[in-house]
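Protein chains in written order, with our numbering: chain U, 85 to 219; chain H, 85 to 219. In this text, a Cβ means the ideal position worked out from N, Cα and C, and glycines have one as well.
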DNA sequence: TTGCATTCAATGCACAAGCAAATAATGCAT
DNA sequence: ATGCATTATTTGCTTGTGCATTGAATGCAA
């Protein structure tokens, strides 16, 4: 791969950084009115969409693109807010099961349209998201 | 736009988050051996590639996808590290001109192959970057 | 000139993140 | 049963970020 290709790749990465940061920032700012940030929303979404309304931390970690320590604290925050509950697994007492509370479900449903709208607006100048949006 | 499209968009965004975070994380980890993080690298790159080796903060801010305050601190860090110098503009003493030092130029050249390699490796499973990479 | 709105940058503050170490529960080998 | 490596999660610590505020320099109007 040539240096020119490398530079093009660097440019593409640079652009992606910009679009991502802008989107993430907008998302955080808009979701704030629901008392959530983008990562917290993703976790609630995972819990909400799952057939099982109850997931182990490990499953959430995989989904949230966070380190396990960041996820642990995120879950603590949501728990303190009353949006989810932690329950120690009876089979393996190291593991924790996380479940949405009614309030959590309510909050997610409330925030979802906001998130979707930000995505739609942002997707306009974000080719990375366009393909999926135009399907 | 239908709810199904919205959900597809949300999925695309979710995937993008994952790829971005992974790439960013790897980049930060690998660049650490050069005493830089991804944002700092981007700023050095901007200074290095510019014809003028001297840019106002405002120009850097535009490029770095950071808030002005984050950029201010980033520049402070690089200055403390001796990679750049700040110089008050003589025409408008509010503005600061930032320039690479020799050490900064050296450091950037040293870090660049590392960054490019991470990008190449990451681009493999990151369709967002592929188009530019295959041009 | 004086006053005032504007602009550029720096700073106080709070917070979320990563890394590394600690804690705790398991499972397995002896 | 005992010791030990492994796995799941939490916690201490440091750092980079955003937002809001402040400080400083500028330009313009009266």
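Residue i: contacting residues in chain H (beta-carbon distance under 7 Å)
i, result
"residue 105 of chain U", "149"
"residue 98 of chain U", "126"
"residue 207 of chain U", "93"
"residue 102 of chain U", "149"
Rounded distance between the beta-carbons of residue j and residue i, thought under 8 Å
i, j, result
"residue 169 of chain U", "residue 183 of chain U", "5 Å"
"residue 123 of chain U", "residue 148 of chain U", "6 Å"
"residue 126 of chain H", "residue 181 of chain H", "Not really, about 18 Å apart at Cβ, beyond 8 Å."
"residue 202 of chain U", "residue 128 of chain U", "Actually they are not in contact, since the Cβ atoms of residue 202 of chain U and residue 128 of chain U sit about 15 Å apart, beyond 8 Å."
"residue 144 of chain U", "residue 155 of chain U", "6 Å"
"residue 140 of chain U", "residue 179 of chain U", "5 Å"
"residue 177 of chain H", "residue 118 of chain H", "The pair is not a contact, with the Cβ atoms about 34 Å apart (cut-off 8 Å)."
"residue 167 of chain U", "residue 146 of chain U", "Between residue 146 of chain U and residue 167 of chain U the Cβ distance is about 20 Å, and since that is not below 8 Å, they are no contact."
"residue 204 of chain U", "residue 132 of chain U", "No, residue 204 of chain U and residue 132 of chain U are not in contact; Cβ-Cβ is about 20 Å, not under 8 Å."
Boundaries (first-last residue) of the alpha helix (DSSP H) holding residue i
i, result
"residue 170 of chain U", "Not the alpha helix (DSSP H): residue 170 of chain U falls in the beta strand (DSSP E), residues 168-172."
"residue 127 of chain U", "122-133"
"residue 155 of chain U", "152-164"
"residue 142 of chain U", "141-148"
Residues near residue i in its chain [Cβ-Cβ closer than 8 Å; skip 5 each side]
i, result
"residue 88 of chain H", "none"
"residue 150 of chain U", "123 and 158"
"residue 108 of chain H", "122"
"residue 90 of chain H", "none"
"residue 135 of chain U", "none"
Beta-carbon contacts of residue i that lie in its chain and below 6 Å, excluding the five residues immediately before and after
i, result
"residue 219 of chain U", "Confidence at residue 219 of chain U is low in this model, with a pLDDT of 36, below 50, so the placement of that residue should be treated as unreliable; the coordinate-derived value is given next. Within the same chain, residue 219 of chain U has no close Cβ partners at all."
"residue 86 of chain H", "none"
Cross-chain neighbours of residue i in chain U, by beta carbon under 7 Å
i, result
"residue 141 of chain H", "Near residue 141 of chain H there are no residues of chain U at all, since even the closest Cβ is about 18 Å away, more than 7 Å."
Limits of the beta strand (DSSP E) - the one that residue i falls within
i, result
"residue 117 of chain U", "Note, residue 117 of chain U: premise wrong, no beta strand (DSSP E); not H, not E."
"residue 208 of chain U", "Run containing residue 208 of chain U: none; DSSP gives neither H nor E here."
"residue 184 of chain H", "180-184"
Under 8 Å by beta carbon: chain H residues contacting residue i
i, result
"residue 195 of chain U", "Going along chain H, no residue has its Cβ under 8 Å from residue 195 of chain U, so there is no contact; the nearest lies around 12 Å."
8 Å Cβ cut-off: residues of chain U touching residue i
i, result
"residue 200 of chain H", "90, 93 and 94"
Any non-hydrogen atom of the ligand HEM within 7 Å of residue i CB
i, result
"residue 88 of chain H", "You won't find the ligand HEM in this model; it holds no ligand whatsoever."
Own chain partners of residue i with C-beta closer than 7 Å, once the 5 adjacent residues on each side are dropped
i, result
"residue 115 of chain H", "121, 122, 125, 195, 198 and 199"
"residue 217 of chain H", "Its pLDDT being 40, under 50, residue 217 of chain H is placed unreliably by the model, and the measurement read from it follows with that caveat. Correct list, in chain order: 207."
"residue 92 of chain U", "none"
"residue 97 of chain H", "none"
"residue 185 of chain H", "166, 167, 168 and 169"
"residue 152 of chain U", "145"
- request: Name, going along the chain, the residues of the stretch 169-187 of chain H whose beta-carbon falls closer than 7 Å to a beta-carbon of chain U.
  value: none
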